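Here the sequence shown stands for residues -20 to -1, 1 to 1171, where the numbers follow mature numbering (1 follows the signal peptide of the UniProt record, and there is no 0).
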Amino acid sequence: MRVAVLVYVLCALTIQKCHSQEHDQLHELGKMVKIWADNLGKELQFIAESATRRSKVIESFKQTKAVYEKGSKIMEDIADKLRTMMLEKEKAVKRIVERAEYLSYYRKPPIFENSTYDYFNADNITNSTWDRELEEQQYNDRLEQIQQFKCDDALNHKAGVEVQTNAPTQQLRFDKNDDQECQVRPYVERKPGYFRHLPLVYHSGFDAEVNFNYSVMRIATSIFDREEPLLNDIRWSEALDLVFQQNYQEDPTLLWQYFAGRTGFLRHYPGIKWSDEQYERTYDFRTRAWFLEAITSPKDVIILLDMSGSMAKYNWFIAKFLVNNILDTLGDNDYVNIYLFNNETRPLVDCFNYTLMQAHEENLRLLRESLNKYTPDTTGNMKSAFKLAFATLEHFRKDEGKSHCNQMIMFIAEGIDYDYSPAELFKTHNRTEYYTPVRVFTFLIGTSPSDEVEMVWIACANMGYYVNISRDSEIAEKVVKYLTVLSRPLNMNSVIKPDPIWTGTYADLADRRITNWLWQKYEGNQQRQVFVDYTRTTYTQYNCVFDQNSMHFLQSDSHDYEHYSEPRDFHYMTTVSLPVYDLRQDATAVLGVAGLDVPISYIKKLTMPHQIGVNGYAFILTNNGLLLLHPDHRKEFHNIIKPTFNRVDLTEVELIDDLNEPRDFNKSLLEMRDRIVRQMTGHDSFQVKIHLDNMRRVFLSRRHYFYTKIGPFSLVIAIPDNYGFYKIRYESKNGSDTLQNSKQLSGLRLTKNWKVHPEWLYCKHYGRKRLKFDTPEEELLYFLNDLEQHGWRWYKYCQPSLVTLLVLDAKATEWFEERNTNWYNIMSKYQIAIAFIATHSGLTRWRTIEDDDVDPPFITKNNKAIDEIWYKRAVTHSYANPKSFIYSVPIDTALDNETLVTGANAIFRESGSKKAAAAVVGFQFNHVVLESIFKKTTSDCGDRSCPHRCDSDELSCFVLDNNAYIIVSDEGYTGAFFGKVRPDIMKHLVENGLYRRVRFLDYQDICYLDPPSPKSKSPASRITLFLANIYGILKGFLCVLFYWVQGFLGAVVKDDPCTRAITSQYEKRAINKSLPTPCDRQRWLFSLERDTYTNTNDNIFTIPNCLWPYIVYPIPSSNLILLVVNRPCEVDIQDYPYTPDPVELKYNLSMPCYIATKNNYTRRQYITCINNHKREYSLNLDHQFCGVTWK
């Protein structure tokens, strides 16, 4: 027993001694890791300070000071600019309206379709080349035409004919002698082809070839372009060109102006040749928001769709096509639902249960996709369907948040159920003491005379319109008839002038379903490339020879889908529009709509981003809480417009730093949203999550939100806490006085390596004769020279404060392009590719060893100063760490000899407690250099030998940045997320508080659904006929390509082994087709919270001999940490589930249903409601006004 105890004591003492020795070694290792980290920091800081000459930059800004600016003042300054701009656009539209009403009232005697009258049709222009002789002829013709327009006005004025009291009096301005030789002139006939040749010249303001002398017509595709009503409307509206030109002269920032006639033509100015792109050829302005919302007041629509067994297969196809066309006439300010009825009535979409949903694109898309869910069967019960529709609309009339205007039922049926007692039904449910609250529009799919009589009665008795449809080709034109009916109250109440309509953001000329169209082309290009690559590889493998005949599709330099692979430039707009009244005595409906486009990019320039500052921004919300403008509004994927890009809500881009579940939005954020939508003026602040670098990085910050009203919209500016309220100003230097000294301009004139922010408005020349500049820098220098010559009298479209700051920044940093020996040696020794500085005024300077005239790749992609990722990160990081540089490498990119490390530091100017960001300095150097420094440093133990080194078998060393990406390591993995390399260590880094795990939600993402199987006839399919047809087209394309290739490869030499080997494999290499659809995804991002960990007593692994798993020390003056891992410690987990990779979120409802039912927030109607007039009731006694075409 004593021997056993003695043995035990000896063993215990031995273990204790071993443990003591281990702890001593670990203590020494910890000290060594700290030395390594410190030495790395010193080396990097030396390189950074030397390359960027940071201390000299600080000296350059000593002549500046930090001044405090109120957020509310910044907001009001921006709001005033936007309000002024909007008022100017509204005045221009009103001039078009007044002129159109005048011209229509005094229109000339009618012409007929066999007339020789002709016009410029944008679809029929075959020649647009500039021709001097033709240009002169058209110029003289135009002068003659203008004189005739003036004569027409003068003759109207002289006639003195009695007119109704509300007759328009607007006339052209003309001299007293202009009417001396005026006479009524016949139409001047032009030679054949005259209206097919319209000279066009490229204009940068329109990014298109245009003609300023003429407008052109765009005729709806479903209308014959020689119809008499159409020709007469085109004829009287010719003189609108003069008001278009006058508007452009007074406001050269105008873009497209137009008048859209009810008869189906669009007068478009300036003149253009319409695109040959197929989806643009189908453009119908009558389904665009600017037209729909101006010609009708807001609508509550219930579509009753007959799903009884009598609805034959073709009729069911017609019915669904008809529903799609009706949905195309609805917009964000309308509400809709679809009820299917047979022996029972039920909503098409279950979650839209007995209510109306906002008719934004996401809800409309769900309705379209759900049309194939059911097939007709059993008998129909109209009575129950109407009762439910009336009850739903009555309930909706009591909801203050809805449209509270036009209410209607669209009744679509193949026949009539005669047991429903129509008179009693409509008297009970659709009559009040004063008016008929619900209009009923009837669509008969069939030719039964008795059914037609009944459908006419329903429409006429309920202030609607009847339509009979037998062919799909007539649907589009017959659907828009109901818009004419809804426009009658506006025209009859012409003394009521509605406020201008401003649309939400949209893509110019883009159809609502353009996403699916372009995605089909995108996948077609992918499929072709797969076939081409495979064929080339296989031919090489078999030593086959390319034959010009058999390999024609590979030898061709182009193919049908080729241009779809090129980057597309979508033009995002908002449009302001107004209805144009027909003021003739017996007129019933409006003439059309006048409108003009305002580019979102132009609005963005007016938000003065330089005044808001770095990490701040302005955004604009519509009356529905949706984004009109926001820096995080991601409208495209794969250079294709997202299907519901214009339905993004405020709550989906401003992400509060809380622990709420997805789409359970923060209560305080919702309250702010409510105030913004209601156009209150106020201020709120939140702790928010901000993403950078393609959603691979996150930082957490407090932001202040200031908001106010601008027209029907709301402006919000977001300003970061602390430094966001302080701006850089130069001491005793201000505006034009500063620039009087020409020496101040030397910073721009005498240096060459500089850029200005390409999206900011410094000085701009707008007008018909747009000055051409190759670069924004060339444009700026032109204006500076011109302003200097004219005594610094600023142009209207200049921002003097910004230009002055830019000039002074350029002068202060003029020295940056100087060369000196020490700097040159540092750049060479450390393979520094570029050193740069960017300032708060949008100036970016750079310096490289070589004096090339070509801009370095870094500058071509990083010329937006305060909007660049490195600028934003540096300001955020350096605010609390003034001398610290923030380093980064490309994320998830293969490491090679060209990989560069970027370092940046923000220069702040302090005035007492005030601290403002003046500039950011930075540099890029080769990663090979960093790797060399890392290896040298982590194998150096000073004066003694190294018992532990990073290149040994016992240690793994990593340098991580503040977002947990590997900057350099002894194992490679540069740019990788550390959690994928060592999931076990990452798990504990988070648990021990070194990194904070942040759940980041992307509410604007796109997921890819599998297309429906063409063999599947399941009634549960939720894919629309349209999308099913796209799948068919894709499959057809694949088959055609397969047999085409097979034909070319196999028809020539049928026994060719190369041909057999290749063509037999094509079907196996068919790509999986998909359908893009909106979805939510989540990512886990990481932020460094604590930078030191040396706990050697925490055995985080459940294995022996692993007393210390890792040691962490900060690398001074940087955003980096040095992590040393005990390599023998085994990995205790194989996977870390929290990564930056996006993962789709699944809800218990479809996405549109979830949003519609869970995130249905405040909306505000601003469009004037004009939905009835007493004269209209007598109108429907004449059945021709409600759709009857027989006598």
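All residues carry an ideal CB built from backbone N, CA and C; glycine is no exception. If you're wondering where the values come from, they're calculated on a predicted model, not measured in any experiment.
Three CB pairs or more closer than 8 Å across the segment 936 to 954 and the segment 22 to 29: Not touching, per the Cβ criterion.
Inter-residue spacing [alpha-carbon to alpha-carbon] between I699 and G593: Near 8 Å, if we compare the C-alpha coordinates of G593 and I699.
Run of the beta strand (DSSP E) containing D239, from where it starts to where it stops: First, the amino acid is wrong: residue 239 is Phe here, not Asp. Boundaries of the beta strand (DSSP E) around F239: 237 to 241.
Straight-line Cα distance separating Q1062 from S648: Distance from the CA of S648 to the CA of Q1062, rounded to the nearest whole angstrom, comes to 22 Å.
Inter-residue spacing [alpha-carbon to alpha-carbon] between W1024 and V303: Because W1024 sits at a pLDDT of 46, beneath the cut-off of 50, its placement in the model cannot be relied upon, and the point is left open.
Residue from K50, L67, G444 whose Cα sits closest to the Cα of G662: The residue among K50, L67, G444 with its C-alpha nearest the C-alpha of G662 is K50.
DSSP beta-bridge partners of S555: According to the sequence displayed, residue 555 carries Thr and not Ser. Paired residue(s): D577.
Q769 classed as buried or exposed, judged by whether at least 16 other C-beta atoms fall within 10 angstroms: Classification of Q769: exposed, given that the 10 Å Cβ count is below 16.
Neighbour flag for R261 against chain B, beta carbons, 9 Å: This model lacks chain B altogether; it includes just one protein chain.
Exposure label - G892; buried when at least 16 CB within 10 Å: G892 comes out exposed.
Three CB pairs or more closer than 8 Å across the segment 899 to 912 and the segment 869 to 889: At 8 Å Cβ cutoff, the stretches touch.
Backbone CA spacing between R468 and V657 [nearest angstrom]: Near 30 Å, if we compare the C-alpha coordinates of V657 and R468.
Alpha helix (DSSP H) segment containing S35, residue limits: Taken as a continuous stretch (DSSP letters only), the alpha helix (DSSP H) holding S35 covers 34 to 40.
Collapsed DSSP secondary structure at G251 in the structure displayed: Three-state result, G251: strand.
Closer than 8 Å: K71 CB and nearest the ligand MG heavy atom: Within the structure as shown, the ligand MG is missing, as the structure has no ligands at all.
Given K458 as reference, the closest of L234, I306, A219, L558 once Cα atoms are compared: Closest by alpha carbon: I306.
Whole-Å CB distance - P278 paired with Q1145, under 8 Å assumed: Correct: roughly 6 Å between the Cβ atoms.
Three-way DSSP call (helix, strand, coil) for E890 in this model: Strand at E890.
Bridge partners - G572, DSSP secondary structure assignment: When beta bridges are read from the DSSP output, G572 appears opposite G241, V560.
Integer-rounded CB distance, given that I298 should sit under 8 Å from A369: Wrong, their Cβ atoms sit about 21 Å apart, outside the cutoff.
Nearest-angstrom beta carbon gap, M435 and T422 [assumed within contact, 8 Å]: Confirmed, Cβ separation roughly 4 Å.
Inter-residue spacing [alpha-carbon to alpha-carbon] between R170 and L235: Near 30 Å, if we compare the C-alpha coordinates of L235 and R170.
Spatial distance of Q507 from P870 (CA atoms): Between the alpha carbons of Q507 and P870 lies a distance of about 30 Å.
Nearest-angstrom Cβ-Cβ length linking V560 and E81, presumed shorter than 8 Å: With 8 Å as the limit, V560 and E81 qualify as a contact, their Cβ atoms being about 6 Å apart.
Cβ neighbour criterion (16 or more within 10 Å) applied to P1108: Exposed.
Closest by C-alpha distance to I252, when choosing among D205, N191, I199, T233: When C-alpha distances from I252 are compared across D205, N191, I199, T233, the shortest belongs to N191.
Contact set for residue 1172: own chain, Cβ-Cβ below 7 Å, skip 5 residues either direction: Past the edges of the chain, shown from -20 to 1171, lies residue 1172, and the structure says nothing about it.
Contact between the segment 204 to 213 and the segment 181 to 190 (3+ Cβ pairs under 8 Å): Cβ pair count under 8 Å is below three, so no.
Residues near D1121 by beta carbon distance below 8 Å, same chain, minus five either side: Contacts found: R1063.
Alpha-carbon spacing of N473 relative to G241, whole angstroms: In this structure, the CA atom of N473 is about 19 Å from the CA atom of G241.
Where the beta strand (DSSP E) containing Y446 begins and where it ends: Per DSSP, the continuous beta strand (DSSP E) segment holding Y446 begins and ends at 446 to 449.
Start-end ranges of the alpha helix (DSSP H) lying completely within the segment 715 to 762, minimum 4 residues: 715 to 719, 726 to 729, all fully within the segment 715 to 762.
Beta-carbon proximity list for Y445, same chain, < 6 Å, skipping 5 on both sides: Closer than 6 Å at the Cβ level, and outside the excluded window around Y445, lie F421, A439, K461, Y462, V465, C1166, G1167.
Same chain, Cβ closer than 8 Å to N212, five either side skipped, listed in chain order: Excluding positions up to five away in sequence, the list reads R87, P90, I91.
Simplified DSSP state of F914, which is helix, strand or coil: In the three-state scheme derived from DSSP, where H, G and I count as helix and E and B as strand, F914 is classed as helix.
For L609, the first and last residue of its enclosing beta strand (DSSP E): Unbroken beta strand (DSSP E) run through L609: 607 to 609.
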